[in-house]
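Participant: Sharing a structure here in structure tokens format.
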């Protein structure tokens with residue numbers, strides 16, 4: 146079974162890692178789709194693949210940058226499109242960043 150775990154804003158890397166690794170140990174083919182974590186080291190993938198599809202530019206900008214949030218708003222739907230194109234039997238959305246928009250964009254997933 147192919148499982149995709151999506152944590153677009155990378156709010157919970159330790160939890161994401163634990164869930165992905167446990168599912169992989171149970172026999173699932175797991176991919177964690179997230180963004181670059183800006184606040185330190187993250188666990189190395191164990192039997193799963195991690196791809197940073199969300200916020201490739203804004204996650205590298207300073208939190209004080211005036212353009213970070215507008216860039217992030219523009220990047221979000223692009224990340225969802227990349228997620229939508231990722232083959233999966235199960236998609237687990239860890240966080241809905243913009244629930245109203247995310248539900249519309251992912252409705253037919």
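In my numbering, the protein residues as written are 146 to 254.
The beta-carbon is built from N, C-alpha and C at its ideal position, and this holds for glycine as well.
Remember, it's a predicted structure, so these values are computed and weren't measured experimentally.
Whole angstroms are fine: how far does the CA of residue 170 sit from the CA of residue 221?
Facilitator: Each residue's Cα considered, the two are about 31 Å apart.
Participant: Less than 8 Å separating the beta-carbons of residue 148 and residue 175?
Facilitator: yes
Participant: Taking just the CA atoms, how far does residue 165 sit from residue 204?
Facilitator: 22 Å
Participant: Quick one: residues in its chain with C-beta nearer than 6 Å to the C-beta of residue 168, no 5 flanking neighbours on either side, listed in chain order?
Facilitator: 148 and 175
Participant: What residue from 235, 155 and 226 has the CA that sits closest to residue 185's CA?
Facilitator: 155
Participant: According to DSSP, is residue 218 part of a helix, a strand, or is it coil?
Facilitator: helix
Participant: At the level of alpha carbons, what is the spacing between residue 182 and residue 162?
Facilitator: 13 Å
Participant: Count the other CB atoms, across all protein chains shown, that sit within 10 Å of the CB of residue 153; report buried if there are 16 or more and exposed otherwise.
Facilitator: Buried, by the Cβ-count rule.
Participant: Determine contact between the stretch 199 to 219 and the stretch 230 to 238, defined as no fewer than three beta-carbon pairs at a distance below 8 Å.
Facilitator: no
Participant: Can you name, in chain order, every residue of its own chain whose Cβ lies under 7 Å from the Cβ of residue 195, other than the five neighbours on each side?
Facilitator: So the qualifying residues of the chain are 177 and 179.
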